[in-house]
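Trainee: Top line first, the protein sequences correspond to chains U and B.
Counting in the working numbering, the first sequence runs from 14 upward without gaps.
Counting in the working numbering, the second sequence runs from 169 upward without gaps.
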Amino acid sequence: EDQVTQSPEALRLQEGESSSLNCSYTVSGLRGLFWYRQDPGKGPEFLFTLYSAGEEKEKERLKATLTKKESFLHITAPKPEDSATYLCAVQGVLGGGNKLTFGTGTQLKVEL
Amino acid sequence: KAGVTQTPRYLIKTRGQQVTLSCSPISGHRSVSWYQQTPGQGLQFLFEYFSETQRNKGNFPGRFSGRQFSNSRSEMNVSTLELGDSALYLCASSSSGTMTQAFFGQGTRLTVV
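(1) Which word fits Q185(B), buried or exposed, when buried means at least 16 other C-beta atoms lie within 10 angstroms of its C-beta?
(2) Using the three-state DSSP reduction, which class does G45(U) fall into: helix, strand or coil?
(3) Could you tell me whether the segment 63-78 of chain U touches the segment 45-52 of chain U, using the rule of 3 or more Cβ pairs below 8 Å?
(4) Hey, does G105(U) have any beta-carbon neighbour from chain B nearer than 7 Å?
(5) Taking C-beta to C-beta, are T98(U) and G118(U) nearer than 7 Å?
(6) By DSSP, does G208(B) sit in helix, in strand, or in coil?
(7) Can T188(B) and N245(B) be called in contact, C-beta distance under 7 Å?
(8) Is the segment 35-46 of chain U touching the segment 174-181 of chain B, taking contact as three or more C-beta pairs under 8 Å?
(9) Report buried or exposed for L100(U), applying the criterion of at least 16 other Cβ atoms within 10 angstroms of its Cβ.
(10) In the DSSP assignment, find the unbroken beta strand (DSSP E) run with T188(B) in it and report its ends.
(11) Does the Cβ of Y257(B) have 16 or more other Cβ atoms within 10 Å, making it buried, or fewer, making it exposed?
(12) So which residues of chain B does L43(U) contact, with C-beta pairs closer than 9 Å?
(13) Helix, strand or coil for E94(U), going by three-state DSSP, please let me know.
(14) Return the bridge partner residues of Y217(B) from the DSSP annotation.
(15) Are V280(B) and L249(B) touching if we call contact CB-CB under 7 Å?
(16) Please name the residue in G273(B), Q209(B) and L214(B) whose C-alpha comes closest to that of R231(B).
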């Protein structure tokens with residue numbers, strides 16, 4: 014069974030204070046690893062898909078990286094509007110289709 | 169283009185009742201997946217429908233069921249509601265293949281009293 018563990022559960026940063034969120038996973042065979050952002054009361058918003066170890070993707074202040082066992086979401090010089098819950102999910106070869114297995118998320122708070 | 173639309177946004181039901189939630193995917197998307205989100209468990213996969221057929225199913229009791237229509241719209245039904253069914257139910261739509269980006273709706277907040 015695919016499993017995803019995210020750490021830390023919660024993170025408070027000062028504006029401009031860079032940090033990283035961790036996503037550790039075990040999967041039968043990785044088809045893809047996904048990062049989402051979720052604001053309170055809303056559905057998850059897609060950020061990145063990573064497919065193979067060594068792959069990196071960037072979007073504004075966010076950069077996602079992937080190894081064979083974990084992924085990191087690096088946040089550079091965050092702003093208060095980056096405050097949200099960040100979710101990591103994997104899609105494995107077993108089961109087929111578009112099933113995603115999610116971690117429980119990292120709740121990020123960026124303060125002025 | 170229009171995003172994923174879920175209706176209703178909020179529901180309050182009594183234990184023992186049943187409920188039907190609706191999801192309209194992005195135009196052209198044929199895959200619809202349903203997830204239950206609770207504070208303790210996070211997002212958990214319920215099932216996926218593709219071209220009106222259930223393609224995948226999570227570990228939920230048979231009280232949870234779904235269907236997909238020829239226009240790709242999907243409904244999920246929960247019978248004999250329990251207090252523990254209170255959650256945010258999210259629908260995600262994807263294009264035809266696998267390993268494709270899933271777009272989520274705003275969710276339906278179900279409260280069982």
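Backbone N, C-alpha and C fix where the C-beta goes; we use that ideal spot for every residue, glycine too.
Mentor: According to the structure shown:
(1) Taking the second sequence and counting its residues from 1, one reaches residue 185(B) at position 17. Its Cβ having fewer than 16 others within 10 Å, Q185(B) is exposed.
(2) In the first sequence, the residue the question calls residue 45(U) occupies position 32. G45(U): strand per DSSP, three-state reduction.
(3) Between the segment 63-78 of chain U and the segment 45-52 of chain U, the count of Cβ pairs shorter than 8 Å is three or higher; the stretches touch.
(4) Residue mapping note: residue 105(U) aligns to position 92 of the first sequence, counting from 1. It does not; no Cβ of chain B falls within 7 Å.
(5) What you label residue 98(U) is simply residue 85 of the first sequence in a count that begins at 1. What you label residue 118(U) is simply residue 105 of the first sequence in a count that begins at 1. It is a contact, given that the beta carbons lie within the stated cut-off.
(6) The sequence position of residue 208(B) within the second sequence is 40, counting from 1. Coil at G208(B), not helix or strand.
(7) Residue mapping note: residue 188(B) aligns to position 20 of the second sequence, counting from 1. Residue mapping note: residue 245(B) aligns to position 77 of the second sequence, counting from 1. In contact: T188(B) and N245(B) (Cβ atoms closer than 7 Å).
(8) no
(9) Numbered from its first residue, the first sequence carries residue 100(U) at position 87. So L100(U) counts as buried.
(10) Walking along the second sequence from the start, residue 188(B) turns up at place 20. Run containing T188(B): V187 to S192, per the beta strand (DSSP E) assignment.
(11) Position 89 of the second sequence, counting from 1, holds the residue named residue 257(B). Under this definition Y257(B) is a buried residue.
(12) As a working note, residue 43(U) is residue 30 in the first sequence. Those do not exist, as L43(U) stays about 10 Å from chain B at its closest Cβ, beyond 9 Å.
(13) Residue mapping note: residue 94(U) aligns to position 81 of the first sequence, counting from 1. Reduced to three states, the DSSP call for E94(U) is helix.
(14) Counted from its first residue, the second sequence places residue 217(B) at position 49. Note: Y217(B) sits in a beta bridge opposite V200(B) and Q222(B).
(15) Position 112 of the second sequence holds residue 280(B). Position 81 of the second sequence holds residue 249(B). Yes, Cβ-Cβ distance for V280(B) and L249(B) is below 7 Å.
(16) Position 63 of the second sequence, counted from the first residue, corresponds to residue 231(B). When only C-alpha atoms are compared, the closest one is L214(B).
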